[in-house]
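Working notes, beginning with the structure itself.
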Amino acid sequence: MPLSWNEIKDRALRFSQEWADVASEDAEAKTFWDQFFDIFGVSRKRVASFEKRVKKIDGKDGYIDLLWKGVLLVEHKSRGKDLDRAHAQARDYFHGLSDAELPRYLLVSDFARFRLYDLEGEEAPLEFPLEELYKHVHGFGFIAGYQTHRFKEEDPVNVQAAERMGRLHDALREAGYEGHALEVFLVRLLFCLFADDTGIFGERQYFHELIRTRTSPDGSDLGMWLAQIFQTLNTPEEKRQKTLDEQLAALPYVNGRLFEEILPLAAFNAKMRQMLLDASALDWSRISPAIFGSMFQSVMDEKARRNLGAHYTSEKNILKLIGPLFLDELKAELEKAGNNDGKLKALHLRLANLRLLDPACGCGNFLVIAYRELRLLELEILKRLYSTQASVLTKVSEHVAVDVDQFYGIEIEEFPAQIAQVALWLMDHQMNQRVAEQFGEYFARLPLTKSPTIVHGNALRLDWDKVVPADKLDYILGNPPFVGAKLMSPEQRQDLLGVAGDLKGAGLLDLVAAWYLKAADYMQGTGIRCAFVSTNSIAQGEQVGVLWKSLLGKGIHIHFAHRTFQWTNEARGIAAVHCVIIGFGTGAASGIRLFEYESPRGDALERWVSRLNPYLVDADDILLPNRTAPICNVPIMKFGNQPIDGGNLVLMEDEREKIVSECPAASSWIRPFLGADEYINGGMRYCLWLKGAEPSSLKGCKPVLDRVNAVQAFRLSSKRQATRELADRPAEFAFVSHEECDYVVVPSVSSERRKYIPMGFLPKDVIASNLCLIIPGASKYELGVLVSEMHMAWVRQVCGRLESRYRYSAGIVYNNFPWPEIIEEKYRADIEQAAQGVLDARAAFPNSTLADLYDPLTMPPALLKAHKALDKAVDTAYIAAEKAAGRKPPKLGTDAERVAFLFERYQALTSLLSAAKKPARRKRAAKAEEY
Numbered sequence: 001m002p003l004s005w006n007e008i009k010d011r012a013l014r015f016s017q018e019w020a021d022v023a024s025e026d027a028e029a030k031t032f033w034d035q036f037f038d039i040f041g042v043s044r045k046r047v048a049s050f051e052k053r054v055k056k057i058d059g060k061d062g063y064i065d066l067l068w069k070g071v072l073l074v075e076h077k078s079r080g081k082d083l084d085r086a087h088a089q090a091r092d093y094f095h096g097l098s099d100a101e102l103p104r105y106l107l108v109s110d111f112a113r114f115r116l117y118d119l120e121g122e123e124a125p126l127e128f129p130l131e132e133l134y135k136h137v138h139g140f141g142f143i144a145g146y147q148t149h150r151f152k153e154e155d156p157v158n159v160q161a162a163e164r165m166g167r168l169h170d171a172l173r174e175a176g177y178e179g180h181a182l183e184v185f186l187v188r189l190l191f192c193l194f195a196d197d198t199g200i201f202g203e204r205q206y207f208h209e210l211i212r213t214r215t216s217p218d219g220s221d222l223g224m225w226l227a228q229i230f231q232t233l234n235t236p237e238e239k240r241q242k243t244l245d246e247q248l249a250a251l252p253y254v255n256g257r258l259f260e261e262i263l264p265l266a267a268f269n270a271k272m273r274q275m276l277l278d279a280s281a282l283d284w285s286r287i288s289p290a291i292f293g294s295m296f297q298s299v300m301d302e303k304a305r306r307n308l309g310a311h312y313t314s315e316k317n318i319l320k321l322i323g324p325l326f327l328d329e330l331k332a333e334l335e336k337a338g339n340n341d342g343k344l345k346a347l348h349l350r351l352a353n354l355r356l357l358d359p360a361c362g363c364g365n366f367l368v369i370a371y372r373e374l375r376l377l378e379l380e381i382l383k384r385l386y387s388t389q390a391s392v393l394t395k396v397s398e399h400v401a402v403d404v405d406q407f408y409g410i411e412i413e414e415f416p417a418q419i420a421q422v423a424l425w426l427m428d429h430q431m432n433q434r435v436a437e438q439f440g441e442y443f444a445r446l447p448l449t450k451s452p453t454i455v456h457g458n459a460l461r462l463d464w465d466k467v468v469p470a471d472k473l474d475y476i477l478g479n480p481p482f483v484g485a486k487l488m489s490p491e492q493r494q495d496l497l498g499v500a501g502d503l504k505g506a507g508l509l510d511l512v513a514a515w516y517l518k519a520a521d522y523m524q525g526t527g528i529r530c531a532f533v534s535t536n537s538i539a540q541g542e543q544v545g546v547l548w549k550s551l552l553g554k555g556i557h558i559h560f561a562h563r564t565f566q567w568t569n570e571a572r573g574i575a576a577v578h579c580v581i582i583g584f585g586t587g588a589a590s591g592i593r594l595f596e597y598e599s600p601r602g603d604a605l606e607r608w609v610s611r612l613n614p615y616l617v618d619a620d621d622i623l624l625p626n627r628t629a630p631i632c633n634v635p636i637m638k639f640g641n642q643p644i645d646g647g648n649l650v651l652m653e654d655e656r657e658k659i660v661s662e663c664p665a666a667s668s669w670i671r672p673f674l675g676a677d678e679y680i681n682g683g684m685r686y687c688l689w690l691k692g693a694e695p696s697s698l699k700g701c702k703p704v705l706d707r708v709n710a711v712q713a714f715r716l717s718s719k720r721q722a723t724r725e726l727a728d729r730p731a732e733f734a735f736v737s738h739e740e741c742d743y744v745v746v747p748s749v750s751s752e753r754r755k756y757i758p759m760g761f762l763p764k765d766v767i768a769s770n771l772c773l774i775i776p777g778a779s780k781y782e783l784g785v786l787v788s789e790m791h792m793a794w795v796r797q798v799c800g801r802l803e804s805r806y807r808y809s810a811g812i813v814y815n816n817f818p819w820p821e822i823i824e825e826k827y828r829a830d831i832e833q834a835a836q837g838v839l840d841a842r843a844a845f846p847n848s849t850l851a852d853l854y855d856p857l858t859m860p861p862a863l864l865k866a867h868k869a870l871d872k873a874v875d876t877a878y879i880a881a882e883k884a885a886g887r888k889p890p891k892l893g894t895d896a897e898r899v900a901f902l903f904e905r906y907q908a909l910t911s912l913l914s915a916a917k918k919p920a921r922r923k924r925a926a927k928a929e930e931y
């Protein structure tokens, strides 16, 4: 085990006194550095070598005074020599080193002075005279096995370690060592490699040197040695054989059941042995348990490994959740306690009794970061309580009360469940090193007597109360799977419906909703608070009405929320997901925090609100129904026209020309056919529009009649009854909404990058596909309101999403939208005039598509100016109506303010609707999906 800091300081003081008068580099340098390493209880011979020969950048040979590969390079000079020149000379050697040999630290000395550079740090080098070495020994903690630096998510060692483990994994699997045994074997190696560089095994690189020096170069006996190592780590010292190999006997007893299971022997060869040595040569003390766990999992999946690092959750994003859930409150309580012993001890007791559950824990990222933060709070409490003891606290282990057994997780896959447990132990050891550094006494919790409870199972089928009783739990947190309603496997859908029970509309829900429903049931009658990361669909579109009607009925209240932001990290290959974070409980919160983002990739702007509804808006709890008609007096929005024809009624340009050449009369039946893609991005398709065509003319046009026959055959072959019935009218589209008038077209799916959805007019001869929504007979007034910032704020908040793109709907978005009350005709005229200005600005660029015009990077200033004028005209109409009604004019500066106002108007309008006589129910037009 590493020496205590107190012992290290004593040795440093004696070292300084012994070497106070030595001056000659050649005569004494090697002894000097051997004894320097001994200060930290490390044998220099085990880790570093003298006079390493390298080629410098000028092609000449150079000799490094001392090199610890991957860790430390030392350049030593005689007393009084220039340390700047020594530093420059040392850097010249880097050219001749491999990537694996490049050091993290560079140390130059002339006996009398030390200068230590952290080559990955941003601070100035640590410099001091020999007599002050004892004051600065913490700077050399990496030699003793103390890890005190802050982890970087982008630290390449995380990726390098995962890649090297991945290569070893593949080699073992190809050799026939696979499945459960391979997974457990790799988790054990992970622990050993980390322990080797953090003092758990005593001297650094003890495991590495044992493998390097005691196993055969051909790898033939490596499997047996590893089995002996694992068995030794699982055996208490007093129960080990007295004849046990001395190097094995020096290993500590680990316990924790990590090494309990007896595994089949793994057969290695020379190449595989070298892979293990390459992996162990890295500095594993720099591995972040919170990041590496998911990377390590990805070595099991070759496709995932191509984008290694793309699957972990960044620390920044985890803190977005645990901060407002509990951490910020605990930090505030600590600040309030100040140095009051009573208050500090009460807070310490509270920390020691907290219990947290992640019911979709994966590799434990959320639990690991949460544990680290609680340990940091505890450390600050201990520092304040014992500051009068000059940073010396005896029996420090008796004062550390926060432990890994306060953490619970559920994970459906076995391998990440094992990683989660080990990751918490690794973080525990790192935090113990922090305590040791502070109080001068080495502290390691070995053997492991406490373990986190990580259950391998299906969280949607397990009884959470059997994992941890609800009355013993404080917080639920995590990042449940992002799987859309239409992308779930049959098993996932069954899991969701099993949780949802008889909930009406459950088929619309994404998989993550099941965790909300299950948590709400589990929390009943407790003070548990919960927060989940979710795709933003949980607070948009039809899902809101289904999910939140159930949650609100169970007394769930939102306590804080992050509105839509992009869930990313710095890893290569990461796929962006647009997410929200929602914190909730069964009781109302006294203050509610709302975090908003000006852009999905931007930083959060926090504000306090009095309430948050399921749309994450500062408004009353409102659930927008899927309406069949608008709440205001505006034209009806319809679905576009759907062929369901097997491709026979839709034509490309060459097909149109071929039909017309064979049958000129067909030209009158062929019309332009536009979907959302053609409308926005350009391009043209056509369709056979045979509605009202003379039967005799059709019979005389063979190419058209052949296509009609093919439509009939296609529909008759369908497994759906509704589609087979359509075979009776094969010459027509399955769903027809077209009217012989100009109309407003709304693309059903549009990029979220656009500030405005590019709606517009289409002439009556153009047929819009079912991928568009249409408003026959709409005027420039309707178009103007729909493409305004006011309506777009409503869209961004309530419409559904396809991936991250807007998925506009008539039933949720258009029919529930509160239109301005036009109190004077001039307000309507102003909106129409401004809408024409937008159309004119578009027309000024005839060679550009709407995608070009509305791309944030290429949007013409004239078009943006026209939209701003339209926004002002629409805002003015709303404000004028409020003033005329004697109500306070609304603030319309932000999306949140706009949507809050619109929800208030929605409440007022729908209360009038419910008071009025309900109109006769109209038969709803069939949607394309129903055929």
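Taking the UniProt record's numbering, the leading residue of the sequence shown gets 1, the next gets one more, and so forth.
Backbone N, C-alpha and C fix where the C-beta goes; we use that ideal spot for every residue, glycine too.
Please report the straight-line C-alpha distance between residue i and residue j, rounded to a whole angstrom.
i, j, result
"Leu-13", "Pro-469", "54 Å"
"Met-652", "Ala-768", "15 Å"
"Tyr-386", "Asp-245", "43 Å"
"Leu-330", "Pro-630", "48 Å"
"Phe-140", "Ile-39", "10 Å"
"Val-795", "Asp-621", "18 Å"
"Ile-556", "Phe-565", "23 Å"
"Pro-217", "Arg-273", "8 Å"
"Asn-365", "Ala-290", "5 Å"
"Ile-774", "His-738", "8 Å"
"Arg-611", "Phe-482", "27 Å"
"Ala-693", "Asn-816", "38 Å"
"Trp-464", "Gly-457", "11 Å"
"Ile-822", "Leu-321", "44 Å"
"Lys-9", "Phe-268", "43 Å"
"Ala-862", "Ser-489", "48 Å"
"Asn-633", "Asn-353", "59 Å"
Give the DSSP-derived three-state secondary structure of residue i in the structure shown.
i, result
"Gly-573", "Model confidence at Gly-573 stands at a pLDDT of 42, short of 50, so the residue's coordinates are unreliable; what they give is reported in the following sentence. Here Gly-573 sits in coil by DSSP."
"His-76", "strand"
"Ala-588", "coil"
"Glu-739", "coil"
"Pro-747", "strand"
"Asp-10", "helix"
"Arg-898", "helix"
"Arg-164", "helix"
"Trp-425", "helix"
"His-136", "coil"
"Cys-363", "coil"
"Trp-225", "helix"
Take residue i as the anchor and find which of the options has the nearest alpha-carbon.
i, options, result
"Val-540", "Gly-682, Val-813, Phe-207 and Gln-89", "One detail in the question is off: residue 540 reads as Gln in this sequence, not Val. Comparing Cα positions, the closest option is Val-813."
"Phe-111", "Val-74, Val-708, Leu-487 and Leu-276", "Val-74"
"Asp-99", "Val-71, Ser-43, Gly-777 and Glu-824", "Val-71"
"Ala-124", "Cys-579, Leu-130 and Leu-116", "Leu-116"
"Glu-825", "Ala-352, Thr-876 and Glu-373", "Thr-876"
"Leu-382", "Asn-339, Cys-363, Phe-407 and Leu-130", "Asn-339"
"Arg-188", "Leu-771, Ile-229, Thr-215 and Tyr-206", "Ile-229"
"Asn-626", "Ala-873, Arg-434, Thr-849 and Gly-545", "Gly-545"
Completely contained beta strand (DSSP E) runs for the stretch 751–819, where each covers 3 or more residues: Entirely contained in the stretch 751–819, the beta strand (DSSP E) runs reaching 3 residues are, in chain order, 760–762, 772–776, 800–802 and 805–807.
Start-end ranges of the beta strand (DSSP E) lying completely within the stretch 446–481, minimum 3 residues: Counting whole runs of 3 or more residues, the stretch 446–481 contains the beta strand (DSSP E) stretches 453–456 and 475–478.
Contained alpha helix (DSSP H) runs [length at least 4] in the stretch 596–668, N- to C-terminal order: Counting only runs of 4 or more, we get 653–662.
Validate contact between the stretch 125–137 and the stretch 235–243 using beta carbons, cut 8 Å, 3 pairs: These segments do not touch.
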